[in-house]
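Q: Chains as they are written, first to last, in the numbering used here: chain A, 21 to 679; chain B, 186 to 535; chain C, 46 to 199; chain D, 1211 to 1527.
Ideal placement from N, C-alpha and C gives every residue a C-beta, glycine not left out.
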Amino acid sequence: MKIGVFICHCGSNIAGTVDVAKVAEEVGKLPDVAYSTDTMYACSEPGQEGIIQAIKDHNLDGVVVASCTPRMHEPTFRRTVERAGLNRYMFEMANIREHVSWIGKDKESNTQKAVDLASIAVAKLTQDRPLIAKKFGVNKRVMVIGGGVAGIQAALDCADGGLEVVLVEKTATIGGKMAKLDKTFPTVDCSSCILGPKMVDVAQHPNITLYANAEVDSVKGYVGNFEVAVKKKATYVDWTACTGCGLCTEKCPSKKATDYFNEKIATTTAISIAFPQAIPKKASIDPEYCIKITKDKCGVCEKLCPTKAIRYDMQDETVIEPVGAIIAATGYDLFDYTRYGEYGGGRYPDVITSLQYERILSASGPMAGHIKRPSDGKEPKNVVFVQCVGSRDKSVDRPYCSGFCCMYTAKQAIQTKDHLPDSQTYVFYMDIRAPGKMYDEFTRRAMEEYGARYIRGRVAMIYPKGDKYIVRGADTLAGTQVEVEADLVVLAVGAEAAKGASNLAEKLRISYDKYGFYMESHVKLRPVETNTAGVFLAGSCQGPKDIPSSVAQGSAAASKVLGLFSKDELESDPQVASVDIKRCVGCGKCIETCPFGAIEETDFRGEPKANVIETVCQGCGVCTSTCPQGAIQLQHFTDNQILAEVNALCQQPLVTSFE
Amino acid sequence: MAAKYLKKENLVSWLQTLAKERLTLVPRREGDAVVFRPFAPGQDIPLDQQATTPPKAAVFPQCEPLLAFKYAKDPENPGKVGVQVKEKLGDTPSVVVGCRPCDARGFLTFDRVYDSDRASDLNYLTRRRNTLFATLACDEPASTCFCNWVGSGPADAEGSDILMVPVEGGFVLEPVTEAGEKLMEQAPLEDAGDKAALAEAVKENAAKALGEAPDLSQAREKLLSLFDNMDFWEGVSAKCISCGACTYLCPTCYCFNITDEQSGAEGVRLRTWDNCMSYLFTMEASGHNPRPTKAHRLKNRVGHKFSYYPDIHDGHIACCGCGRCIKSCPSSVDIRQIVLQAIAASAASE
Amino acid sequence: MSAAPGNELRIIGFLCNWCSYGGADTAGVGRMTQPTDLRIIRVPCSGRIDPLFVLKALVNGADGVLVSGCHPRDCHYAEGNFYARRRLEVLKRFLQVLGIDERRFEYTWVSASEGQRWQEVVQKFTERIHELGPAPKITPDQMAMAETMAAQPR
Amino acid sequence: MELLDQLKEKIKERLPELDVVIGWEQGFDPLHATPLFMRTEEDVDRLVFSPLCVHNLASHLTGLKGKKVGIVVKGCDSRSVVELLQEKLLVREDVTVFGLPCTGVVSLKKIKHALGGLDKVASAEFNGNELKVSAAGAARVLPLNEIAADKCGRCQYHNALLSDVFVGAPVEAAAEDNYADVEAFQAKSPQEQAAYWRDAMQRCLRCYACRNACPMCVCRDHCVAQSREPHWMTQQDTVQEKWFFQMIHALHLAGRCTECGECERACPVGIPLLLLKRKINKEIKELFDYQAGTKIDATPPLLSFKVEEENINERGW
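1. Would you check if there are 3 or more beta carbon pairs closer than 8 Å linking the segment 488-497 of chain A to the segment 373-385 of chain A?
2. Assuming leucine 1246 (chain D) and leucine 1257 (chain D) make a contact with CB atoms under 8 Å, what is their CB distance in whole Å?
3. Going along chain C, which residues have a C-beta under 7 Å from phenylalanine 1395 (chain D)?
4. Give the interface partners of phenylalanine 98 (chain C) over in chain A, defined as CB-CB distance under 7 Å, in chain order.
5. With a cut-off of 9 Å, does the C-beta of arginine 625 (chain A) fall near any C-beta of chain D?
6. Alanine 223 (chain A) to lysine 323 (chain A), Cα distance in whole Å?
7. Determine the extent of the alpha helix (DSSP H) in which asparagine 1422 (chain D) is found, giving its start and end residues.
8. Please work out which residues of its chain come closer than 6 Å, Cβ to Cβ, to threonine 457 (chain B), disregarding the five sequence neighbours upstream and downstream, and give them in chain order.
9. Please name the residue, chosen from B:Asp445, B:Ser448 and B:Ser463, that lies closest to arginine 1559 (chain D) on a Cα-to-Cα basis.
10. So is isoleucine 174 (chain C) buried or exposed if we call it buried at 16+ other beta carbons inside 10 Å?
11. What residue range is occupied by the uninterrupted beta strand (DSSP E) comprising glutamate 261 (chain B)?
12. Assuming alanine 277 (chain A) and aspartate 258 (chain A) make a contact with CB atoms under 8 Å, what is their CB distance in whole Å?
13. List, in chain order, every chain B residue whose beta-carbon is nearer than 7 Å to that of glycine 48 (chain A).
14. Around the C-beta of glycine 486 (chain A), are 16 or more other C-beta atoms found within 10 angstroms, so that it is buried, or is it exposed?
15. Pull up the distance between the alpha-carbon of phenylalanine 678 (chain A) and that of leucine 434 (chain B), whole angstroms please.
16. May I ask you to list, following chain order, the residues of the segment 628-645 of chain A that have a beta carbon less than 8 Å from some beta carbon of chain C?
17. When you compare the CB of isoleucine 340 (chain A) with every CB in chain C, is at least one pair closer than 9 Å?
18. In whole angstroms, what separates the C-alpha of phenylalanine 1515 (chain D) from that of isoleucine 1522 (chain D)?
19. Can you check which of these residues, A:Lys253, A:Ala44 and A:Ile291, is closest to cysteine 268 (chain A) by C-alpha distance?
20. Show which residues of chain A have a CB atom less than 7 Å away from the CB atom of phenylalanine 331 (chain B).
21. Just how far apart, CA to CA, sit isoleucine 1481 (chain D) and alanine 1383 (chain D)?
22. With a floor of 4 residues, list each alpha helix (DSSP H) that falls wholly inside the segment 283-312 of chain B, ordered by position along the chain.
23. Are isoleucine 56 (chain C) and alanine 107 (chain C) close, meaning C-beta to C-beta below 9 Å?
24. Taking 9 Å as the CB-CB limit, is tryptophan 122 (chain A) close to chain C?
25. Which residue comes first and which comes last in the beta strand (DSSP E) that contains aspartate 70 (chain C)?
26. How many whole angstroms separate the CB atoms of glycine 639 (chain A) and glutamine 595 (chain A), which I take to be in contact at a CB cut-off of 8 Å?
27. Mind listing which residues of the segment 1343-1368 of chain D have their C-beta closer than 8 Å to chain F's C-betas, in chain order?
28. Can you give the Cα-Cα distance for valine 409 (chain A) and phenylalanine 355 (chain A), rounded to whole angstroms?
29. Kindly identify the DSSP beta-bridge partner or partners of glutamate 378 (chain A).
30. List the residues of chain B whose Cβ lies closer than 7 Å to the Cβ of threonine 676 (chain A), in chain order.
31. Output the distance between the C-alpha atoms of glutamate 526 (chain A) and valine 675 (chain A), rounded to the nearest integer angstrom.
32. Do alanine 1476 (chain D) and cysteine 1186 (chain D) come within 9 Å of each other at the CB atom, strictly closer than that value?
33. So, for glutamine 197 (chain C): in the same chain, excluding its five sequence neighbours on each side, which residues have a beta-carbon less than 6 Å away from its beta-carbon?
34. Relative to chain C, which residues along the segment 1467-1489 of chain D have a C-beta separation below 7 Å, given in chain order?
35. Going along chain A, which residues have a C-beta under 7 Å from glycine 106 (chain C)?
36. Given a cut-off of 9 Å on the beta-carbon distance, is the pair proline 96 (chain C) and leucine 136 (chain C) in contact?
Rendered as structure tokens:
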């Protein structure tokens, strides 16, 4: 084999502490190295030209560049060797900058280490084989999981871009958390006024199929060709017949059903429509409270329904949706505020969550927009907001900042004053985090125009006193203890990963952090991609986000899908596992351990054998280290390639030397 | 030189003398096995029974470098690489003391292959010519012994340089070759006297204890006639586990494999034992394997020893009857039984 | 390959591409000085590391072997490091009967952002290997010695 | 005798529906049994069962794929069958298991030590807890507990764990295994251990009897020990190479080895190979509370994981 080696100076970055000429000379002594030189900047235009020229002049079969990390410039140099007519995988890189010149000053040691690293690369290259990407067709349909504002935006953008979209929503209506909000910061404009039209667009868009009250059951396949099983949960109402007239909800005698939409501050009827602007505007029955279903009595709704849509015997149904890409937009859930026992949330009726307060503030909420205490219906005078309940607190394993609580608390303080001009609001806070456009100005308005009293410090405890509550905390700026008498306490509960998020992640084969938020492919540069090709992220499932960020991510994810689908065929990474059918004994251990379901059993002349679905394989190599007979090999990281590297560093001497 | 007597207590001093001039290989206990190792002063020399491994490696090592090579670059043109090659021959003068007649006789099977008009294996011959055998005659056969079946016996001196017959208190040494005679000259010997008669009695008793050997003259043809009878071979090979214990312990199995191994610019071409019980033995580059099952392979082992080899080597059976393949087989496959069954089976089918 | 200069020992690192190799890069970008003994072999995932690579290196004379992957739950391939953890733990304990000092092998988790942690790991492991000194080699000399010992009457 | 007759009867009953039944028969001398492949009733009449039936016949199962096979198993052997089934290397319907209760088998190595050799055995007879042997003209009586295989002294599964036909009365006893042998070896210094393996591996012939006798070594013809793709080992006969093969063998058996000891029994030069596997089994037990070959539906520990491992302490690294 004829290998060319290029040792990069990287200006003085490498050459400052590594004798690059010496490295080139030493590596040049290896039997397979036909050309070895040092070069000022290998990645520069003249540097790359030099590589191309050397490949042609010396008829090279492969190239080693010893320079910076391959995580940076490997793609660059692969393109370079390809331009010179070599296969792009006949290239290896040695990292002599981040791993050598930048971490040690001893030139002699560094030089020797650089020689070793370049020699490993040469040893590996001698085992490299040309690899060629395969092409496969794409199903240009996309599934969006989650019908909150991020999912709605992603679905609409994809649909407007001409894609068929399947939108799956867990609850009976889309709209998500935003639909529950009364107003939005920093404009204090009406939440449903801006979200409502988008929801209607979803309902009316010819390219969008909406499954509400449905969940993803399983995901098979791979980018371009997923098969998603969607479980449509029974609503006991035939939605093709239901017109959403609401007659049934008016007459339903069971009125104690849990009102999830109103955050449980009220109850609702067993058959209900979540809220007037719900999409789809269809009734559904809570079987736990339905008298007909639980006791086989009543049946009022069935008698009343003008379109005969009631189906008490309805069953869950599963549909299979073939799609080419998936956008996860599953949002967040609220921190369980009852975990702070000292705040009395859940025990004291007038200690409520911020989202419950939104429902109180909302004109379409159970109190029709009048602020009243849940306990006695009186208008509160002193309203205390407690921030960071379940945020930035290691003791409850929520060390992260939920990001938007500072802003909505300010908004709620402003709204409180608007609704009750005589009221006084207090806000216990740790720091004000208001880094968005017009955000800081907004919080200042809350303090300066609306007289909200901001107290920097944590609340230690809340306890009832008469029909009021004492909120005791520290004022760390004044260095004193403070006690505030409150009529109503609103806890700014933080965001946490949606319930079942990790479960869905496992189905989607994407990773999630220790809190259950989904991991993006690169923190900065690939924020809506995941490590599973064809699966994208939008909104708070990746981490807490406010509305503008969620919408932006929804659009970003949609643009990624549109970009992906702009090609009729995709190219798969050829660094995937490959089975030597002669060696495979068909034991299936690789199938068992593959994290991606990328290996299937096939029949070869009556014998079971493993078969890699190249487009699903992500190239981790777990199969290769599982297979005892080495029958399945991860291309470009085969046993022989890694052994060559190990042997280059420490090979046992041969029994017989030449001398 | 006539037969001489070597007192047991003088054996060590003889070995010490031998070891000064030659690599002197003697049986030594290692764990549960008895193997041939260079004589070390003070070691115990277990001569009461056949060694676990034969002294095959003395002439035909398990792994032997045939040549070493080295890539040399043209300093003017690093793209031009030359190869230098050096042949490696093992020419250390050696002697094996305390092997059995079957062990020494095993090399005769090798000689017909590696030292013939058609082929001459220099690596083999160099070692062969530099290695002498002081063989210990057997006084009592083991249950696995059958040297008399293959035309030999417990005191067969063919292939040995000295025959040592164990008698009360020591050994009666009979020179077989001139080289053997020279080795004997270095030993503190006494006249054999009446020990010579004792030695003859030992030989006779041992031969008697082996009993009558069955007539194997039919084996050659009959094994051939069974060549396509895979039912027969599947039956007799059912318990075989296809390992190489039988071949690697066999004093007559001479097959090898050649591989090149490289480390940096240097490399070596190795000859290593190979065995026909292995699937890989006949694996062809195309992926085709003419002996795909253990039945095919065991057929080859038995057929080769008792039919194909004798066919081209004047009727000499490629088996010395040492019985190690039976004794050390994890499944107790008994080659004697297979040969007898073959004779009987084809007789029945005729 | 020529021997390492000075008193360097032969330490081999197997690092996953996505986390630990990135962590080592981060340490480099941050100019975090480290001992120079370590030679890194890049693999896609710690799950790719067959424990036999580690043994191969140790049997062939490496003085120390360090494996580093993504933190559990943080694997680029979701599960690779979970498999690696089990296999490498079994391997480490296996060394206890192989006559290879188990301290010569270690496995750990370093993320791409943990440059400083990587520096500490390299420092700590290299120091440990230097405390242990060069690994005893199975050289022909030693073989001869073993042979003489075995020849002694027991 | 009664047990053997019952067994023969049961095998004969099932024989018409089976291609072959694997058992044992008398071998070339009174101390050696040998595997018997029964296809006819006459074959069945040659069947024997005694403490000399040391072979784990499960090693033959994967080689008979596609055939309807009956197999006679002792408790320990049955674990291999279970493990093979668990790994889907056998089809359950194709295997008929004749399970036996077993009070232990002999170690021929121990008998060899007691007699000073096995070459000249004229007769051998079991009488209660004793073996009467006459060899080289002398008669000896050996108590069974002195010549029993080591594995029998720590046997937890005297009765076949899996059987389609169980013959005889189950043995009540079950010993504990505290891995004292492994502990004792571990107590040696690394230098002593290395020297021990160096000496032992020196006489290895690379015959691969250890591998081929192993019921779980299902790669056999495709073992990495002899392949160039992948090229894990050279053919040099150095201690390193031979020793490295044993590491491969042990690690490929991690979480799979049923400790039948066939590797060690098959070794023609007596290398104590089971120790390596027992060491790994000890750790697998401690780490994952798992014993190979005891449950068909168990998940092998190295082909699975837990997000939080209870017993892996990463020592602060």
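A: In brief:
1. no
2. 6 Å
3. Val142
4. Ile662 and Val666
5. no
6. 28 Å
7. 1419-1423
8. Cys248 and Asn442
9. Because chain D is modelled from 1211 through 1527, residue 1559 (chain D) falls outside the range shown and cannot be assessed.
10. buried
11. Careful: glutamate 261 (chain B) lies outside any beta strand (DSSP E) and carries neither H nor E.
12. About 20 Å separates the two Cβ atoms, so there is no contact after all.
13. Pro263
14. exposed
15. 31 Å
16. Gln638, Gly639, Cys640, Gly641, Val642, Thr644 and Ser645
17. no
18. 11 Å
19. A:Ile291
20. Neighbours of phenylalanine 331 (chain B) on chain A: none; closest Cβ ~36 Å, over 7 Å.
21. 30 Å
22. 286-299
23. yes
24. yes
25. From DSSP, aspartate 70 (chain C) is part of no beta strand (DSSP E) but of the alpha helix (DSSP H) over 65-74.
26. 5 Å
27. This model lacks chain F altogether; the protein chains it does include are A, B, C and D.
28. 8 Å
29. None; glutamate 378 (chain A) has no bridge partner.
30. Pro250, Ala253, Lys273 and Val453
31. 51 Å
32. Past the edges of chain D, shown from 1211 to 1527, lies residue 1186 (chain D), and the structure says nothing about it.
33. Caution applies to glutamine 197 (chain C), whose pLDDT of 43 falls short of 50 and renders its modelled position unreliable; the model cannot decide the point.
34. Leu1485, Leu1486 and Lys1489
35. Cys670 and Gln672
36. yes
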